[in-house]
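When we follow the UniProt record's numbering, the leftmost residue of the sequence shown carries the number 1, and every step to the right adds one.
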Amino acid sequence: MNTENHFLLFGQKLKDNSELLTEKLFQKDIPDPSYQYSDIHSTFFSCLGNSLNDDEHAAFERIVQWSQLFFKRVDQFDIQIHAPFFLGNQYRSVILDYIEEYLLQTNIHSIILVQIIKKIDSFINYGASLFSNNRKQMYEQDMNKFNQAMMDKKITIAELKALKKALKEATILTVTDKDDIITYANTKFCNITKYSLDELIGKNHNHLLNSGYHDDNFFKNIVDHIKSGKMWKGEIRNKAKDGSFYWVDSTIVPIVDRMGKTYQHIAIQHDITDQKETEEMLLKTEKLSMVGELAAGIAHEIRNPLTTIRGFVQILDHFSEDKKYLYSKTILSEIDRINLIVSEFMVFAKPHAVYFNECNVIDILNNALHLLGAEASLKNIEISMNFHPTNIYIYGEKNQLTQVFLNIIKNSIEAIPYGGLITISVTIKNNQVLTSIKDNGIGMTEEQVNKIGQPFYTTKDDGNGLGLMVSYKIIEKHKGRITIDSEPNKGTEFLISFPLFIKNRT
(Lines of atoms letter the chains of each structure in order from A and count residues from 1; the text may use other names and numbers.)
(Lines give C-alpha, C1' and ligand atoms only; values in the text may rest on other atoms or scores of the structure.)
Protein backbone atom coordinates (compact mmCIF):
# COMPACT_ATOMS: atom_id res chain seq x y z
CA MET A 1 0.00 0.00 0.00
CA ASN A 2 1.44 3.39 -0.96
CA THR A 3 1.72 6.46 1.28
CA GLU A 4 -1.36 8.19 -0.13
CA ASN A 5 -3.53 5.17 0.57
CA HIS A 6 -2.27 4.99 4.15
CA PHE A 7 -3.15 8.68 4.62
CA LEU A 8 -6.64 8.06 3.20
CA LEU A 9 -7.18 4.98 5.33
CA PHE A 10 -6.02 6.57 8.59
CA GLY A 11 -7.97 9.77 7.85
CA GLN A 12 -11.13 7.72 7.32
CA LYS A 13 -10.49 5.88 10.61
CA LEU A 14 -10.26 9.25 12.45
CA LYS A 15 -13.57 10.37 10.95
CA ASP A 16 -15.32 7.10 11.66
CA ASN A 17 -14.10 7.03 15.26
CA SER A 18 -14.44 10.77 16.05
CA GLU A 19 -17.06 10.20 18.76
CA LEU A 20 -14.99 7.39 20.34
CA LEU A 21 -11.93 9.65 20.36
CA THR A 22 -14.03 12.38 22.03
CA GLU A 23 -15.03 9.96 24.79
CA LYS A 24 -11.36 9.12 25.37
CA LEU A 25 -10.60 12.88 25.47
CA PHE A 26 -13.15 13.42 28.24
CA GLN A 27 -11.42 10.70 30.27
CA LYS A 28 -8.38 12.93 30.43
CA ASP A 29 -7.81 16.18 32.33
CA ILE A 30 -9.78 18.84 30.41
CA PRO A 31 -8.51 22.29 31.54
CA ASP A 32 -11.87 24.09 31.91
CA PRO A 33 -15.58 23.20 32.09
CA SER A 34 -16.14 25.55 29.13
CA TYR A 35 -14.44 22.90 26.91
CA GLN A 36 -17.07 20.25 27.57
CA TYR A 37 -18.60 20.42 24.11
CA SER A 38 -18.55 16.90 22.63
CA ASP A 39 -19.73 18.00 19.18
CA ILE A 40 -16.85 20.53 18.91
CA HIS A 41 -14.19 17.92 19.73
CA SER A 42 -15.83 15.32 17.52
CA THR A 43 -15.80 17.85 14.69
CA PHE A 44 -12.10 18.47 15.28
CA PHE A 45 -11.22 14.77 14.97
CA SER A 46 -13.28 14.54 11.76
CA CYS A 47 -11.57 17.70 10.55
CA LEU A 48 -8.16 16.07 11.15
CA GLY A 49 -9.27 13.03 9.20
CA ASN A 50 -10.38 15.13 6.23
CA SER A 51 -7.24 17.25 6.40
CA LEU A 52 -5.03 14.20 5.88
CA ASN A 53 -6.70 13.75 2.48
CA ASP A 54 -6.78 17.45 1.41
CA ASP A 55 -4.10 19.62 -0.07
CA GLU A 56 -2.32 21.82 2.43
CA HIS A 57 -4.36 24.99 1.71
CA ALA A 58 -7.72 23.22 2.00
CA ALA A 59 -6.58 21.42 5.15
CA PHE A 60 -5.59 24.62 6.96
CA GLU A 61 -8.83 26.27 5.83
CA ARG A 62 -10.74 23.46 7.56
CA ILE A 63 -8.80 24.14 10.76
CA VAL A 64 -9.62 27.86 10.53
CA GLN A 65 -13.35 27.11 10.20
CA TRP A 66 -13.21 24.74 13.18
CA SER A 67 -11.35 27.35 15.29
CA GLN A 68 -13.99 29.98 14.54
CA LEU A 69 -16.78 27.56 15.44
CA PHE A 70 -15.05 26.62 18.71
CA PHE A 71 -14.44 30.24 19.63
CA LYS A 72 -18.11 31.16 19.12
CA ARG A 73 -19.30 28.30 21.30
CA VAL A 74 -17.16 28.72 24.39
CA ASP A 75 -17.16 31.63 26.84
CA GLN A 76 -13.87 33.38 26.13
CA PHE A 77 -13.90 35.09 29.51
CA ASP A 78 -13.54 31.72 31.30
CA ILE A 79 -10.59 30.51 29.23
CA GLN A 80 -6.99 31.09 30.25
CA ILE A 81 -4.51 32.14 27.58
CA HIS A 82 -2.48 28.87 27.77
CA ALA A 83 -5.58 26.60 27.77
CA PRO A 84 -5.75 26.03 23.94
CA PHE A 85 -2.21 24.62 23.92
CA PHE A 86 -3.02 22.40 26.90
CA LEU A 87 -6.04 21.06 24.99
CA GLY A 88 -3.82 20.53 21.92
CA ASN A 89 -1.58 18.26 23.99
CA GLN A 90 -4.64 16.32 25.07
CA TYR A 91 -5.62 15.88 21.40
CA ARG A 92 -2.13 14.55 20.67
CA SER A 93 -2.29 12.14 23.59
CA VAL A 94 -5.65 10.71 22.43
CA ILE A 95 -4.46 10.29 18.82
CA LEU A 96 -1.14 8.69 19.85
CA ASP A 97 -3.08 6.19 21.97
CA TYR A 98 -5.26 5.47 18.98
CA ILE A 99 -2.23 5.04 16.71
CA GLU A 100 -0.88 2.40 19.08
CA GLU A 101 -4.14 0.46 18.68
CA TYR A 102 -4.07 1.08 14.93
CA LEU A 103 -0.55 -0.40 14.63
CA LEU A 104 -1.74 -3.63 16.14
CA GLN A 105 -4.33 -3.98 13.35
CA THR A 106 -2.38 -2.62 10.37
CA ASN A 107 0.98 -3.16 8.74
CA ILE A 108 2.28 0.37 8.16
CA HIS A 109 5.83 1.51 7.57
CA SER A 110 7.36 3.64 10.33
CA ILE A 111 8.32 6.40 7.87
CA ILE A 112 4.73 6.78 6.74
CA LEU A 113 3.57 6.72 10.35
CA VAL A 114 5.98 9.54 11.21
CA GLN A 115 4.66 11.61 8.28
CA ILE A 116 1.07 11.12 9.47
CA ILE A 117 1.98 12.11 13.02
CA LYS A 118 3.86 15.23 11.81
CA LYS A 119 0.97 16.34 9.64
CA ILE A 120 -1.57 15.82 12.43
CA ASP A 121 0.74 17.64 14.85
CA SER A 122 1.02 20.63 12.53
CA PHE A 123 -2.78 20.82 12.27
CA ILE A 124 -3.19 20.64 16.06
CA ASN A 125 -0.55 23.37 16.58
CA TYR A 126 -2.21 25.54 13.97
CA GLY A 127 -5.67 25.12 15.51
CA ALA A 128 -4.39 25.87 19.03
CA SER A 129 -2.53 28.99 17.87
CA LEU A 130 -5.59 30.25 15.97
CA PHE A 131 -7.79 29.80 18.99
CA SER A 132 -5.19 31.37 21.28
CA ASN A 133 -4.75 34.38 18.98
CA ASN A 134 -8.50 34.87 18.75
CA ARG A 135 -8.71 34.64 22.52
CA LYS A 136 -5.89 37.14 22.95
CA GLN A 137 -7.37 39.55 20.43
CA MET A 138 -10.80 39.33 22.03
CA TYR A 139 -9.26 39.74 25.45
CA GLU A 140 -7.48 42.91 24.33
CA GLN A 141 -10.68 44.24 22.81
CA ASP A 142 -12.58 43.44 25.98
CA MET A 143 -9.92 45.07 28.10
CA ASN A 144 -10.08 48.19 25.93
CA LYS A 145 -13.85 48.27 26.32
CA PHE A 146 -13.52 47.67 30.04
CA ASN A 147 -10.92 50.41 30.42
CA GLN A 148 -13.11 52.80 28.42
CA ALA A 149 -16.13 51.88 30.56
CA MET A 150 -14.10 52.48 33.71
CA MET A 151 -12.95 55.84 32.36
CA ASP A 152 -16.54 56.78 31.48
CA LYS A 153 -17.61 55.69 34.95
CA LYS A 154 -14.93 57.84 36.58
CA ILE A 155 -15.99 60.82 34.47
CA THR A 156 -19.66 60.23 35.35
CA ILE A 157 -18.83 59.95 39.05
CA ALA A 158 -16.80 63.16 38.86
CA GLU A 159 -19.66 64.93 37.09
CA LEU A 160 -22.16 63.64 39.66
CA LYS A 161 -19.93 64.80 42.49
CA ALA A 162 -19.65 68.22 40.86
CA LEU A 163 -23.43 68.34 40.38
CA LYS A 164 -23.99 67.24 43.97
CA LYS A 165 -21.61 69.93 45.19
CA ALA A 166 -23.34 72.54 43.02
CA LEU A 167 -26.76 71.50 44.33
CA LYS A 168 -25.55 71.64 47.91
CA GLU A 169 -23.95 75.06 47.50
CA ALA A 170 -26.40 76.77 45.15
CA THR A 171 -29.79 75.41 46.25
CA ILE A 172 -31.80 74.60 49.34
CA LEU A 173 -31.79 70.82 49.39
CA THR A 174 -33.66 68.26 51.50
CA VAL A 175 -34.37 64.54 51.30
CA THR A 176 -37.45 63.07 53.02
CA ASP A 177 -38.80 59.54 53.22
CA LYS A 178 -42.24 58.39 52.06
CA ASP A 179 -43.78 59.75 55.28
CA ASP A 180 -42.22 63.22 54.76
CA ILE A 181 -39.65 62.63 57.53
CA ILE A 182 -36.44 64.62 56.91
CA THR A 183 -33.44 62.33 56.38
CA TYR A 184 -31.03 64.90 54.92
CA ALA A 185 -30.76 68.70 54.75
CA ASN A 186 -27.94 70.86 53.45
CA THR A 187 -26.50 73.98 55.09
CA LYS A 188 -28.67 76.38 53.08
CA PHE A 189 -31.81 74.63 54.32
CA CYS A 190 -30.59 74.95 57.91
CA ASN A 191 -29.83 78.65 57.34
CA ILE A 192 -33.23 79.56 55.91
CA THR A 193 -35.22 77.52 58.47
CA LYS A 194 -32.93 78.61 61.36
CA TYR A 195 -32.94 75.01 62.64
CA SER A 196 -29.77 73.00 63.26
CA LEU A 197 -29.29 69.74 61.36
CA ASP A 198 -29.89 67.74 64.55
CA GLU A 199 -33.19 69.55 65.06
CA LEU A 200 -34.30 68.74 61.51
CA ILE A 201 -33.36 65.08 61.07
CA GLY A 202 -36.24 62.78 61.96
CA LYS A 203 -38.87 65.55 61.96
CA ASN A 204 -41.91 65.75 59.69
CA HIS A 205 -41.15 68.44 57.10
CA ASN A 206 -44.68 69.84 56.77
CA HIS A 207 -45.51 69.74 60.49
CA LEU A 208 -42.28 71.52 61.40
CA LEU A 209 -42.40 74.29 58.78
CA ASN A 210 -46.12 74.76 58.00
CA SER A 211 -46.90 78.48 58.03
CA GLY A 212 -50.68 78.05 57.94
CA TYR A 213 -50.82 80.00 54.67
CA HIS A 214 -51.78 77.02 52.50
CA ASP A 215 -54.88 74.90 53.09
CA ASP A 216 -55.08 71.11 53.33
CA ASN A 217 -56.02 70.73 49.66
CA PHE A 218 -52.79 72.44 48.65
CA PHE A 219 -50.71 69.82 50.45
CA LYS A 220 -53.00 67.00 49.32
CA ASN A 221 -52.29 68.00 45.75
CA ILE A 222 -48.53 67.76 46.41
CA VAL A 223 -48.87 64.33 48.06
CA ASP A 224 -51.07 63.00 45.23
CA HIS A 225 -48.54 64.13 42.64
CA ILE A 226 -45.59 62.54 44.42
CA LYS A 227 -47.35 59.26 45.22
CA SER A 228 -48.19 58.85 41.55
CA GLY A 229 -44.50 59.26 40.70
CA LYS A 230 -44.88 62.75 39.24
CA MET A 231 -42.63 65.73 39.92
CA TRP A 232 -44.30 68.70 41.65
CA LYS A 233 -43.35 72.35 41.08
CA GLY A 234 -44.72 75.37 42.89
CA GLU A 235 -44.25 78.12 45.45
CA ILE A 236 -44.58 77.46 49.19
CA ARG A 237 -44.61 79.80 52.17
CA ASN A 238 -42.98 78.23 55.23
CA LYS A 239 -42.31 79.34 58.79
CA ALA A 240 -38.79 79.37 60.28
CA LYS A 241 -37.84 78.48 63.84
CA ASP A 242 -37.96 82.13 64.98
CA GLY A 243 -41.49 82.59 63.63
CA SER A 244 -40.49 84.51 60.49
CA PHE A 245 -41.93 83.52 57.14
CA TYR A 246 -40.10 82.78 53.92
CA TRP A 247 -41.07 81.79 50.39
CA VAL A 248 -39.39 79.06 48.31
CA ASP A 249 -39.77 78.05 44.70
CA SER A 250 -39.85 74.26 45.06
CA THR A 251 -39.28 71.27 42.81
CA ILE A 252 -40.07 67.99 44.58
CA VAL A 253 -38.85 64.85 42.80
CA PRO A 254 -40.14 61.40 43.90
CA ILE A 255 -37.67 58.48 43.95
CA VAL A 256 -39.33 55.14 43.20
CA ASP A 257 -38.25 51.55 43.83
CA ARG A 258 -38.34 48.64 41.36
CA MET A 259 -42.03 48.16 42.08
CA GLY A 260 -42.74 51.78 41.11
CA LYS A 261 -43.55 52.85 44.68
CA THR A 262 -42.22 56.13 46.04
CA TYR A 263 -39.88 55.63 48.98
CA GLN A 264 -38.26 59.06 49.27
CA HIS A 265 -38.43 62.60 47.87
CA ILE A 266 -35.77 65.13 46.96
CA ALA A 267 -36.80 68.79 47.31
CA ILE A 268 -34.73 71.37 45.42
CA GLN A 269 -35.70 74.90 46.46
CA HIS A 270 -34.73 78.52 45.84
CA ASP A 271 -35.39 81.41 48.21
CA ILE A 272 -37.85 83.84 46.58
CA THR A 273 -38.80 85.78 49.71
CA ASP A 274 -37.36 89.06 48.37
CA GLN A 275 -39.14 88.55 45.06
CA LYS A 276 -42.45 87.94 46.83
CA GLU A 277 -42.02 91.03 49.02
CA THR A 278 -41.30 93.11 45.91
CA GLU A 279 -44.41 91.71 44.20
CA GLU A 280 -46.49 92.53 47.27
CA MET A 281 -45.18 96.11 47.30
CA LEU A 282 -46.01 96.49 43.61
CA LEU A 283 -49.47 95.05 44.25
CA LYS A 284 -50.06 97.54 47.05
CA THR A 285 -48.92 100.35 44.76
CA GLU A 286 -51.32 99.16 42.06
CA LYS A 287 -54.13 98.94 44.62
CA LEU A 288 -53.43 102.49 45.81
CA SER A 289 -53.53 103.68 42.23
CA MET A 290 -56.80 101.86 41.64
CA VAL A 291 -58.25 103.16 44.90
CA GLY A 292 -57.56 106.68 43.67
CA GLU A 293 -59.26 105.87 40.39
CA LEU A 294 -62.18 104.27 42.20
CA ALA A 295 -62.47 107.15 44.63
CA ALA A 296 -62.80 109.58 41.75
CA GLY A 297 -65.42 107.38 40.11
CA ILE A 298 -67.34 106.90 43.35
CA ALA A 299 -67.33 110.62 44.02
CA HIS A 300 -68.82 111.17 40.57
CA GLU A 301 -71.37 108.36 40.90
CA ILE A 302 -72.51 109.38 44.39
CA ARG A 303 -72.58 113.11 43.67
CA ASN A 304 -75.42 112.73 41.16
CA PRO A 305 -77.93 111.04 43.52
CA LEU A 306 -76.81 113.29 46.40
CA THR A 307 -77.55 116.37 44.28
CA THR A 308 -81.00 114.99 43.52
CA ILE A 309 -81.66 114.22 47.20
CA ARG A 310 -80.48 117.67 48.31
CA GLY A 311 -82.70 119.40 45.77
CA PHE A 312 -85.78 117.49 46.80
CA VAL A 313 -85.12 118.00 50.53
CA GLN A 314 -84.77 121.79 50.00
CA ILE A 315 -88.18 122.13 48.30
CA LEU A 316 -90.02 119.31 50.04
CA ASP A 317 -91.86 121.68 52.44
CA HIS A 318 -93.45 123.53 49.53
CA PHE A 319 -95.36 120.48 48.23
CA SER A 320 -98.56 118.76 49.23
CA GLU A 321 -98.59 115.52 51.16
CA ASP A 322 -99.20 113.49 48.00
CA LYS A 323 -96.23 115.01 46.25
CA LYS A 324 -94.12 114.70 49.39
CA TYR A 325 -94.83 110.95 49.38
CA LEU A 326 -93.97 110.71 45.68
CA TYR A 327 -90.71 112.64 46.09
CA SER A 328 -89.85 110.67 49.25
CA LYS A 329 -89.92 107.49 47.14
CA THR A 330 -87.54 109.16 44.69
CA ILE A 331 -85.23 110.16 47.56
CA LEU A 332 -85.28 106.60 48.95
CA SER A 333 -84.53 105.22 45.48
CA GLU A 334 -81.50 107.49 45.17
CA ILE A 335 -80.33 106.48 48.68
CA ASP A 336 -80.64 102.79 47.66
CA ARG A 337 -78.57 103.56 44.58
CA ILE A 338 -75.83 105.08 46.74
CA ASN A 339 -75.98 102.07 49.07
CA LEU A 340 -75.60 99.65 46.13
CA ILE A 341 -72.56 101.52 44.82
CA VAL A 342 -70.92 101.53 48.25
CA SER A 343 -71.73 97.83 48.84
CA GLU A 344 -70.24 96.68 45.54
CA PHE A 345 -67.20 98.84 46.09
CA MET A 346 -66.67 97.27 49.52
CA VAL A 347 -66.73 93.80 47.96
CA PHE A 348 -63.86 94.87 45.74
CA ALA A 349 -61.90 96.92 48.29
CA LYS A 350 -62.29 94.68 51.36
CA PRO A 351 -63.09 91.11 50.40
CA HIS A 352 -64.03 88.86 53.30
CA ALA A 353 -62.04 85.76 54.09
CA VAL A 354 -62.89 82.90 51.74
CA TYR A 355 -62.15 79.19 51.86
CA PHE A 356 -61.68 77.17 48.70
CA ASN A 357 -63.20 73.71 48.27
CA GLU A 358 -64.20 71.50 45.38
CA CYS A 359 -67.27 73.00 43.71
CA ASN A 360 -69.63 71.49 41.17
CA VAL A 361 -69.93 74.09 38.38
CA ILE A 362 -73.22 72.60 37.18
CA ASP A 363 -74.80 72.98 40.64
CA ILE A 364 -73.63 76.61 40.85
CA LEU A 365 -75.05 77.43 37.40
CA ASN A 366 -78.36 75.74 38.19
CA ASN A 367 -78.59 77.77 41.40
CA ALA A 368 -77.89 81.03 39.52
CA LEU A 369 -80.49 80.14 36.87
CA HIS A 370 -83.06 79.40 39.58
CA LEU A 371 -82.54 82.89 41.04
CA LEU A 372 -82.78 84.60 37.65
CA GLY A 373 -85.44 82.41 36.07
CA ALA A 374 -88.36 84.67 36.98
CA GLU A 375 -86.64 87.77 35.55
CA ALA A 376 -85.90 85.92 32.30
CA SER A 377 -89.53 84.72 32.05
CA LEU A 378 -90.88 88.27 32.49
CA LYS A 379 -88.89 89.32 29.43
CA ASN A 380 -89.90 86.19 27.48
CA ILE A 381 -86.28 85.02 27.34
CA GLU A 382 -85.58 81.32 26.83
CA ILE A 383 -82.51 79.87 28.54
CA SER A 384 -81.04 76.77 26.89
CA MET A 385 -78.65 74.63 28.95
CA ASN A 386 -76.10 72.11 27.65
CA PHE A 387 -74.24 70.38 30.48
CA HIS A 388 -72.32 67.18 29.71
CA PRO A 389 -71.33 65.57 32.01
CA THR A 390 -73.50 66.74 34.90
CA ASN A 391 -70.74 66.68 37.52
CA ILE A 392 -67.80 68.95 36.72
CA TYR A 393 -65.63 70.19 39.56
CA ILE A 394 -63.35 73.18 40.02
CA TYR A 395 -61.49 74.39 43.10
CA GLY A 396 -62.95 77.60 44.50
CA GLU A 397 -65.39 79.46 46.75
CA LYS A 398 -69.00 78.63 45.97
CA ASN A 399 -70.59 81.99 46.86
CA GLN A 400 -68.07 84.00 44.86
CA LEU A 401 -68.50 81.75 41.82
CA THR A 402 -72.27 82.08 42.12
CA GLN A 403 -71.84 85.87 42.14
CA VAL A 404 -69.80 85.69 38.92
CA PHE A 405 -72.42 83.67 37.04
CA LEU A 406 -75.28 85.79 38.42
CA ASN A 407 -73.59 89.00 37.19
CA ILE A 408 -72.87 87.65 33.71
CA ILE A 409 -76.24 85.92 33.14
CA LYS A 410 -78.03 89.03 34.45
CA ASN A 411 -76.06 91.15 31.96
CA SER A 412 -77.19 88.81 29.16
CA ILE A 413 -80.82 89.12 30.25
CA GLU A 414 -80.58 92.92 30.34
CA ALA A 415 -78.89 92.99 26.92
CA ILE A 416 -82.01 91.45 25.30
CA PRO A 417 -84.80 94.04 24.89
CA TYR A 418 -87.71 91.55 24.86
CA GLY A 419 -87.86 87.94 23.75
CA GLY A 420 -84.63 86.15 22.97
CA LEU A 421 -82.35 83.26 23.71
CA ILE A 422 -79.50 82.68 26.15
CA THR A 423 -77.45 79.51 25.61
CA ILE A 424 -75.30 78.19 28.45
CA SER A 425 -72.91 75.28 27.90
CA VAL A 426 -70.12 73.67 29.95
CA THR A 427 -67.34 71.59 28.41
CA ILE A 428 -63.93 70.24 29.42
CA LYS A 429 -60.85 70.80 27.26
CA ASN A 430 -57.17 70.35 28.18
CA ASN A 431 -58.04 70.09 31.91
CA GLN A 432 -59.93 73.39 31.74
CA VAL A 433 -63.64 73.84 32.50
CA LEU A 434 -65.08 76.12 29.80
CA THR A 435 -68.41 77.86 30.51
CA SER A 436 -70.02 79.67 27.60
CA ILE A 437 -72.86 82.17 28.22
CA LYS A 438 -74.19 83.40 24.87
CA ASP A 439 -77.08 85.74 24.12
CA ASN A 440 -78.65 87.17 20.98
CA GLY A 441 -79.04 90.66 22.46
CA ILE A 442 -77.90 94.07 21.27
CA GLY A 443 -74.18 93.20 21.35
CA MET A 444 -71.23 95.56 21.79
CA THR A 445 -68.58 97.24 19.70
CA GLU A 446 -64.90 96.27 19.97
CA GLU A 447 -64.23 99.50 21.87
CA GLN A 448 -66.94 98.68 24.40
CA VAL A 449 -65.65 95.12 24.85
CA ASN A 450 -62.15 96.41 25.61
CA LYS A 451 -63.50 98.64 28.40
CA ILE A 452 -65.59 95.93 30.09
CA GLY A 453 -64.27 95.32 33.63
CA GLN A 454 -63.03 98.86 34.16
CA PRO A 455 -64.41 100.68 37.23
CA PHE A 456 -67.77 102.38 36.55
CA TYR A 457 -67.78 101.56 32.85
CA THR A 458 -71.19 100.25 31.77
CA THR A 459 -73.27 99.98 28.61
CA LYS A 460 -76.52 100.07 30.60
CA ASP A 461 -78.49 103.21 31.50
CA ASP A 462 -78.89 102.18 35.15
CA GLY A 463 -75.58 100.28 35.62
CA ASN A 464 -72.36 101.24 37.37
CA GLY A 465 -69.82 98.69 36.01
CA LEU A 466 -68.86 97.41 39.45
CA GLY A 467 -70.57 94.04 39.01
CA LEU A 468 -68.34 92.91 36.14
CA MET A 469 -65.28 94.48 37.76
CA VAL A 470 -65.87 92.35 40.86
CA SER A 471 -66.49 89.30 38.65
CA TYR A 472 -63.17 89.82 36.87
CA LYS A 473 -61.40 89.98 40.23
CA ILE A 474 -63.05 86.76 41.44
CA ILE A 475 -62.18 84.91 38.21
CA GLU A 476 -58.56 86.03 38.48
CA LYS A 477 -58.40 84.88 42.11
CA HIS A 478 -59.62 81.44 41.00
CA LYS A 479 -56.82 81.26 38.39
CA GLY A 480 -59.43 81.54 35.65
CA ARG A 481 -59.79 83.59 32.48
CA ILE A 482 -62.65 85.41 30.80
CA THR A 483 -62.97 86.41 27.15
CA ILE A 484 -65.78 88.28 25.39
CA ASP A 485 -66.86 87.88 21.78
CA SER A 486 -69.47 90.40 20.70
CA GLU A 487 -70.89 92.10 17.65
CA PRO A 488 -73.47 94.92 17.57
CA ASN A 489 -77.04 93.71 16.95
CA LYS A 490 -75.92 90.05 16.89
CA GLY A 491 -75.22 89.24 20.51
CA THR A 492 -72.44 88.54 22.99
CA GLU A 493 -70.65 85.43 24.26
CA PHE A 494 -68.81 85.34 27.61
CA LEU A 495 -66.35 82.43 27.82
CA ILE A 496 -65.07 81.71 31.34
CA SER A 497 -62.42 79.04 32.00
CA PHE A 498 -61.28 77.54 35.31
CA PRO A 499 -58.75 74.75 36.03
CA LEU A 500 -60.47 71.36 36.30
CA PHE A 501 -60.41 69.79 39.77
CA ILE A 502 -60.01 66.00 39.53
CA LYS A 503 -61.48 64.15 42.52
CA ASN A 504 -59.58 61.25 44.15
CA ARG A 505 -56.48 61.87 42.05
CA THR A 506 -53.88 59.09 42.40
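For glycine and all other residues, C-beta sits at the position ideal for the given N, C-alpha and C.
Residue i - containing alpha helix (DSSP H), residue span
i	result
phenylalanine 189	187-193
leucine 372	361-378
glutamine 384	One detail in the question is off: residue 384 reads as serine in this sequence, not glutamine. From DSSP, serine 384 is part of no alpha helix (DSSP H) but of the beta strand (DSSP E) over 381-387.
serine 412	398-414
asparagine 391	That residue, asparagine 391, is in no alpha helix (DSSP H); it is neither H nor E in DSSP.
residue 527	Residue 527 falls outside the range modelled here, since the chain spans only 1 to 506, and no answer is possible.
Proximity below 7 Å, CB of residue i to CB of residue j
i	j	result
threonine 262	isoleucine 222	no
isoleucine 120	leucine 8	no
leucine 434	serine 497	yes
glycine 373	glycine 441	no
threonine 356	glutamate 382	The sequence given here places phenylalanine at residue 356; threonine does not occur at that position. No. Outside cutoff.
alanine 368	leucine 406	yes
serine 18	phenylalanine 45	yes
isoleucine 362	isoleucine 394	no
isoleucine 172	lysine 194	no
isoleucine 335	isoleucine 302	no
isoleucine 116	phenylalanine 10	yes
alanine 149	glycine 88	no
lysine 479	proline 499	yes
residue 564	histidine 41	A question about residue 564 goes unanswered here, because the residues of the chain that appear run from 1 up to 506.
leucine 209	lysine 239	yes
aspartate 331	alanine 376	In the sequence as presented, aspartate is not what sits at residue 331; that position holds isoleucine. Cβ distance not < 7 Å, so isoleucine 331 and alanine 376 don't count as in contact.
Sequence-distant residues of the same chain with beta carbon closer than 7 Å to residue i, five excluded per side
i	result
phenylalanine 77	A caution first: phenylalanine 77 carries a pLDDT of 45, below 50, which makes its placement in the model too unreliable to give a value.
glycine 234	Ser250
tryptophan 232	Ile222, His225, Ile226, Ile252
asparagine 380	Tyr418, Gly419
alanine 452	It should be pointed out that residue 452 corresponds to isoleucine in this sequence rather than to alanine. Counting only Cβ-Cβ distances below 7 Å, and skipping sequence neighbours, we find Leu468, Ile484.
arginine 92	Asp121, Ile124
phenylalanine 494	Ile408, Ile437, Ile482, Ile484
asparagine 204	Asp180, Ile181
aspartate 271	Ile172, Ile192, Tyr246, Val248
threonine 445	Pro488
lysine 153	none
6 Å CB neighbourhood of residue i in its chain, flanking five on each side removed
i	result
glutamine 12	none
glutamine 403	none
valine 342	none
phenylalanine 501	Glu358, Tyr393, Ile394, Tyr395
isoleucine 21	This sequence places leucine at residue 21; isoleucine is not what is there. Within the same chain, leucine 21 has close Cβ partners Phe45, Val94.
leucine 130	Ser67
asparagine 386	Ser425
asparagine 431	Leu500
leucine 421	Glu382, Asn440
serine 211	Arg237, Asn238, Lys239, Phe245
alanine 59	Ser51
Beta-carbon proximity list for residue i, same chain, < 8 Å, skipping 5 on both sides
i	result
histidine 190	According to the sequence shown, residue 190 is cysteine rather than histidine. Cβ neighbours of cysteine 190 beyond the five flanking positions: Ser196, Leu197, Leu200.
isoleucine 255	Thr262, Tyr263, Gln264, His265, Ile266
threonine 506	Low confidence applies here, because threonine 506 scores a pLDDT of 38, under 50, leaving its location unreliable; read the following figure in that light. Asp224, Lys227, Ser228, listed in sequence order.
threonine 43	Ser18, Trp66, Leu69
lysine 28	Gln90, Ser93, Val94
aspartate 257	Tyr263
isoleucine 364	Lys398, Leu401, Thr402, Phe405
tyrosine 126	Phe60, Ile63
Residue i: first and last residue of the uninterrupted beta strand (DSSP E) it sits in
i	result
glutamate 493	491-499
glutamine 264	262-271
leucine 421	420-429
glutamine 432	432-439
leucine 25	Careful: leucine 25 lies outside any beta strand (DSSP E), inside the alpha helix (DSSP H) at 18-26.
threonine 445	Threonine 445 -> no beta strand (DSSP E), and no H or E assigned at all.
arginine 481	481-487
aspartate 179	It is not in any beta strand (DSSP E) - aspartate 179 carries neither H nor E in the DSSP assignment.
Chain D within 7 Å of residue i, Cβ atoms only
i	result
serine 122	Absent from the structure is chain D; it holds one protein chain and no more.
Contiguous beta strand (DSSP E) assignments of at least 3 residues, all confined to the stretch 187-253: Runs found: 232-239.
Contact the stretch 470-490 vs the stretch 419-430: 3+ CB pairs below 8 Å: Short answer: they don't touch.
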